[in-house]
Structure formats: structure tokens, C-alpha cells
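Notes follow once the structure below has been shown.
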Amino acid sequence: MSESIEYPALYLKRGEDARLRAGHLWVFSNEIDVARSPLGAFAPGDVAAIVDHRGKPIGIGYVNPKSLIAARLVVRGLAHPFDRSLIVHRLNIALALREQLYAEPYYRLAYGESDGLPGLVLDRFGDVVVGQITTAGMERQKEAITDAIVKVLSPRQLWWKNDAGIRAMEQLPEYADLGYGEYGGEVVAKEGGLEFGVDPVGGQKTGWFYDQRENRDELARFVTGKRVLDMFSYLGGWGIRAAAYGAREVDCVDASAGAVEATLRNIERNGLANRVNALRADAFDHLKALREARERYDVVILDPPAFIKRRKDFKEGSLAYRRLNELGMQVLARDGILVTCSCSHHMPRQALLDGVQQGARHLDRQVQMLVSLQQGPDHPVHPAIPETDYLKGYILRVLPA
716 MSESIEYPAL YLKRGEDARL RAGHLWVFSN EIDVARSPLG AFAPGDVAAI VDHRGKPIGI
776 GYVNPKSLIA ARLVVRGLAH PFDRSLIVHR LNIALALREQ LYAEPYYRLA YGESDGLPGL
836 VLDRFGDVVV GQITTAGMER QKEAITDAIV KVLSPRQLWW KNDAGIRAME QLPEYADLGY
896 GEYGGEVVAK EGGLEFGVDP VGGQKTGWFY DQRENRDELA RFVTGKRVLD MFSYLGGWGI
956 RAAAYGAREV DCVDASAGAV EATLRNIERN GLANRVNALR ADAFDHLKAL REARERYDVV
1016 ILDPPAFIKR RKDFKEGSLA YRRLNELGMQ VLARDGILVT CSCSHHMPRQ ALLDGVQQGA
1076 RHLDRQVQML VSLQQGPDHP VHPAIPETDY LKGYILRVLP A
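Quick note: the sequence shown, position 335, residue 1050 per the working numbering, numbers continuous.
If you want it as C-alpha cells, here you go:
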């Protein structure tokens, strides 16, 4: 090993460096030469030099011996340490892209591996930042990350929404609290000329789903003068935007009482109470009730949570997507528009479309795929890391057979 390496070495087995050299950042536990670098010698979050079987350095990363993904590469080569200065640099690069994309500071600022910060997500709401750390390595860097965010953005508040279930896989505790700044003041997401109140502690994920923003932009062409159903509405992002584009009537439906109350506040905030309603109901039960009542909508929007969280759940989850889309089509008016989405990484894009097509044939309908949807550019896809490409969807026209 070169004397220039300041970190303990994590050796890979012969041939296990190919994926890293192709651009991926993950090292699985079975790829490590534990005879030369026992995983037990590392504590969760320790920084290490990742080297191939010949001792040639690939770069610097962090280790968690208790996780299936035992290490994540952060820096290629050994020229730059993994410290506050590196995080500041990565945040500035990420910020440059978002400032080019958006006129106002409302976006996903950092998207994990795609922005060179594996295990870290940051959403920006004007002068408020909401962050989520999902790995022990990034948890160890929490103070440096906080300092870097303050240096780059000077936010009023930084909230940590570290309550994602994935933290359990890294043996990390779940919590949500204020990491910087003082309590008080409202957190608001701005999108499409509208404002949405956001709860950085009690809300889903980091409070808002910026990944669907450009997809919601597409509604402008389809909803004017229409009756719209927004299922799994959360804070009313799809439905309220549909009303702002001229929908004559919108129903937002969510199973969470808190989400429905927040949606009602957002409806009032944007002056759309005369055209938008929000109600609490289970999605499948509500769609069945609408079908039985022969209710019909011109546009049905289905944006559910992930039904397939693990690869082994694919069969059951894909069936749930098909059932949901069938129910959605059954409450569509003739020549209606179906917007359907999946945020399950393990649900291939084509499989989602195949399920819609199978459901359509079962109902003796035909579909035309009009627009293919994906996550917004503030969630950039890393070409070498398929896991960063998770959101897919379609805008479809549904016709009688």
C-alpha cells in the first residue's frame, strides 16, 4: 500500500472492483477480502481507503460492517479527504445545477449518490432545508454536513428528518428534530405558482415530493374544465395544481387524517375552496365505492406509495398496481385520462405499462400512452447506478374497445 493513504484499507476480492470502476459507488459485504481487511475491524461509519486485490487504491469511502452494503465510495482517488471541505464542494456543484433549473429556491438540493453524497438527501424550501441521512457513514459526518449547509446556504432552519425505516438496516436510531436555527415560522413549498404548507417533522419523507413537479406540469394540457380525482393526494399537489390549471371540480383522497387536514389548508391558502374537496378514505375501498355509485371522472390520478419495497415483493406488488389501475379505469368517463405512477425501484417501467394494458383488456378497454413520466432533473439519474432511477409513470387515454 502507498504511504500516502491516511485511512485504513478495505481490500476487495479479485475482480470485484469492476463495478466501482464503471461508476457505481456500492461495495457489498461478499465482495470484500475479509482475510486481509476483516470487517470486524471497522466500526459503523469508519472512513477507509477502498483498494483492489492488488492494493491499487480506487478511492475513499465509509464502511458499515453490519450492513449488506458494507461500504460506499465517496471520493475517487486519494487526493481529497472525506471532510467538510469536500461536502461544501459537492453542495456547491449540486446547487449550481438547481439554480440553473429553477428560478426560485424550492427543489431537491442533494440526491444521494447522484450528487456524490451517498446516504444524504436535502430538500430546500426557500430559507429552510430538510435533510435525511440514511447511512452510518453520513450520520458520522452530520456535524460537518450541517456546517457545510450553513456555509453554502445560510438557512434559517435545518431540520433532520431521520426517521426513514431504511436506517434500521444501518442500525441507526430514528428521530426528527431541528438541527440548526430556531423553532418557529412556516415551511412552505412553492410549485406552479402555488404554495403548499409543509410539516418537516410529521410529514412524509422530507415533507414534499419535488420529484413529481415536472410531471404535475403536464396536467395543464388535460384538465381544463374537467372533473378530476386525485388518489393518495398527500398535501394535494396533483389535485390543487389541476384546479389551478382550470379543472372544474377536484376530489383529493388520502388515508391519512393529517394529510387531509393539511390539504384543506392548502386549498384555502390557494383560494380554490370552491373547486377542490379533500376527504379521508382508503384508496381501494373508495374506488370500489365510486364504481358502485357509478361516479365518473374525466381525469383519474394514481400516485401511490411504493407497493414493492423489496425484490421478493414484486409479484404481489405488481398485482396491486394492476388492481389499482383497473379500479381507476372503472371510474373514468368515456375517453378519460389516467395518470398512473410508481415510485418502486423494483417495478420496471415496462411492467407498470404492461399491468395497465392487462387491466384494460380485462375491462374490455384500450389505452393510448400519451406521455411517459419520470423523476424531475433535481433528482438526476446516475447512469451507472440503476437504483437512482426509481420514479416512472404514464399519462394514458382510456377508450372503449
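The C-beta atom is built at its ideal place from N, Cα and C for all residues, glycine as well. Here the structure is a predicted model, which means the values were calculated and not measured.
Roughly how many angstroms separate the alpha carbons of Asp878 and Ile808, rounded to a whole number?
-> Here the question's residue 878 lines up with position 163 in the sequence shown. Here the question's residue 808 lines up with position 93 in the sequence shown. A direct Cα-to-Cα measurement between Asp878 and Ile808 gives close to 27 Å.
For Glu976, which residues does DSSP report across the bridge?
-> The residue labelled residue 976 in the question sits at position 261 within the sequence shown. According to DSSP, residue pairing for Glu976 in a beta bridge does not occur.
Verify whether the separation of the beta carbon atoms of Ala935 and Tyr898 is less than 8 Å.
-> By one-based count along the sequence shown, residue 935 stands at place 220. By one-based count along the sequence shown, residue 898 stands at place 183. Contact annotation: Ala935 and Tyr898 have beta-carbon atoms that are not nearer than 8 Å.
Given a threshold of 16 other Cβ atoms within 10 Å of its Cβ, counted over all protein chains shown, does Phe1022 qualify as buried or as exposed?
-> Residue 1022 sits at position 307 when you count from the first residue of the sequence shown. It counts as buried.
Give me the Cβ distance between Ala998 and Ala970, rounded to the nearest whole Å; I'm assuming they're in contact under 8 Å.
-> Numbered from 1 along the sequence shown, position 283 holds the residue referred to as residue 998. Numbered from 1 along the sequence shown, position 255 holds the residue referred to as residue 970. Ala998 to Ala970, Cβ: 7 Å. Contact.
Tell me whether Phe937 is buried or exposed, calling it buried when 16 or more other Cβ atoms sit within 10 Å of its Cβ.
-> As a first step, residue 937 is located in the sequence shown; it is residue number 222 there, counting from the start. With 16 or more other Cβ atoms inside 10 Å of its own Cβ, Phe937 counts as buried.
So, is Glu828 buried or exposed, given that buried needs 16 or more other C-beta atoms within 10 angstroms?
-> The residue labelled residue 828 in the question sits at position 113 within the sequence shown. Classification of Glu828: buried, given that the 10 Å Cβ count is 16 or more.
Cut-off 6 Å between Cβ atoms - residues of its own chain near Thr921, not counting five sequence neighbours on either side | Taking the first residue of the sequence shown as position 1, residue 921 is located at position 206. Hits under 6 Å: Asp838, Val845, Gln847 and Lys876.
Any idea what DSSP makes of Met884, helix, strand or coil?
-> Start at 1 with the first residue of the sequence shown, and residue 884 comes out as number 169. If DSSP states are grouped into helix, strand and coil, Met884 belongs with the helices.
Looking at the unbroken alpha helix (DSSP H) that takes in Arg1076, where does it start and where does it end?
-> Here the question's residue 1076 lines up with position 361 in the sequence shown. From DSSP, the alpha helix (DSSP H) with Arg1076 extends over Arg1064 to His1077.
How far does the alpha helix (DSSP H) with Ala859 in it reach, from first residue to last?
-> The residue labelled residue 859 in the question sits at position 144 within the sequence shown. Lys857 to Leu868 is the span of the alpha helix (DSSP H), which, as asked, contains Ala859.
Residue nearest to Leu950 in terms of C-alpha spacing, selected from Gln919, Lys941 and Asn930 = Reading the sequence shown from its first residue, position 235 is the one you call residue 950. For Leu950, the closest C-alpha among the options Gln919, Lys941 and Asn930 is that of Gln919.
CB-CB length for Leu1017 against Gly1043, believed under 8 Å | Position 302 of the sequence shown, counted from the start, is the residue given in the question as residue 1017. Position 328 of the sequence shown, counted from the start, is the residue given in the question as residue 1043. Approximately 5 Å separates the beta-carbon atoms of Leu1017 and Gly1043; this is inside 8 Å, confirming the contact.
Pairwise C-alpha distance: Val902 and Ile1100 = In the sequence shown, residue 1100 corresponds to position 385, counting from 1. In the sequence shown, residue 902 corresponds to position 187, counting from 1. Going from the Cα of Ile1100 to the Cα of Val902 covers about 32 Å.
From Gln1065, Tyr817 and Cys967, pick the residue whose C-alpha is nearest to that of Tyr1036; which is it?
-> Taking the sequence shown and counting its residues from 1, one reaches residue 1036 at position 321. Per the C-alpha coordinates, the member of Gln1065, Tyr817 and Cys967 positioned closest to Tyr1036 is Gln1065.
Within this structure, are the beta carbons of Asn834 and Tyr821 separated by less than 8 Å?
-> Taking the first residue of the sequence shown as 1, we reach residue 834 at position 119. Taking the first residue of the sequence shown as 1, we reach residue 821 at position 106. Inspection of the sequence shows that residue 834 is occupied by Gly rather than by Asn. No, these two residues do not count as a Cβ contact at 8 Å.
Enumerate in chain order the residues of its own chain whose CB-to-CB distance from Arg823 is below 6 Å, with the five nearest sequence positions on each side excluded.
-> By one-based count along the sequence shown, residue 823 stands at place 108. These residues qualify, in order along the chain: Asp838, Tyr925, Asp1093 and His1094.
Just reading off the alpha helix (DSSP H) that Asn807 is part of, what are its end residues?
-> As a first step, residue 807 is located in the sequence shown; it is residue number 92 there, counting from the start. Counting along the chain, the unbroken alpha helix (DSSP H) around Asn807 starts and ends at Arg799 to Leu816.
Where Arg928 sits in the DSSP three-state scheme = Position 213 of the sequence shown, counted from the first residue, corresponds to residue 928. Residue state, collapsed to three classes: helix.
May I ask you to list the residues that DSSP assigns as paired with Trp741?
-> As a working mapping, residue 741 is identified with position 26 in the sequence shown. Bridge partners of Trp741: Arg787.
Can you tell me whether Gly940 is buried or exposed, with buried defined as 16 or more other CB within 10 angstroms of its CB?
-> On the sequence shown, position 225 is the one that residue 940 refers to. Exposed, because fewer than 16 other Cβ atoms sit within 10 Å of the Cβ of Gly940.
Selection from Glu1007, Lys781, Val1086 and Leu1034 that minimises the alpha carbon distance to Leu1047 = Numbered from 1 along the sequence shown, position 332 holds the residue referred to as residue 1047. It is Glu1007.
Would you say Lys814 and Thr850 are within 8 Å of each other, going by their C-beta atoms?
-> Looking up residue 814 in the sequence shown gives position 99. Looking up residue 850 in the sequence shown gives position 135. Before going further, note that residue 814 is Glu rather than Lys in the sequence given. No. Outside cutoff.
Could you tell me which of Val843, Glu721 and Leu868 sits nearest to Ala904, measuring between CA atoms?
-> Looking up residue 904 in the sequence shown gives position 189. Per the Cα distances, Val843.
Neighbour-count burial assignment, Gly738, 16 or more Cβ in a 10 Å radius | Here residue 738 refers to the residue found at position 23 when the sequence shown is read from its first residue. Answer is exposed; the Cβ neighbour count stays below 16.
What residues are listed by DSSP as bridge partners for Val1082?
-> Taking the first residue of the sequence shown as 1, we reach residue 1082 at position 367. DSSP output for Val1082 lists Val1113 as bridge partner(s).
Specify, as a first and last residue, the run of the beta strand (DSSP E) that Ala764 falls within.
-> If you number the sequence shown from 1, residue 764 lands on position 49. Segment Asp761 to Val766, the beta strand (DSSP E) holding Ala764.
Between Glu929, Cys1056 and Ala758, which lies nearest to Lys781 when the distance is taken from Cα to Cα?
-> As a working note, residue 781 is residue 66 in the sequence shown. Closest by C-alpha distance to Lys781, out of Glu929, Cys1056 and Ala758, is Ala758.
Beta bridge counterpart(s) of Arg995 as assigned by DSSP = Counted from its first residue, the sequence shown places residue 995 at position 280. Answer by DSSP bridge pairing, in chain order: Asp969.
Which two residues bound the contiguous beta strand (DSSP E) that contains Ser1057?
-> As a first step, residue 1057 is located in the sequence shown; it is residue number 342 there, counting from the start. That run of the beta strand (DSSP E) goes Leu1047 to Ser1057.
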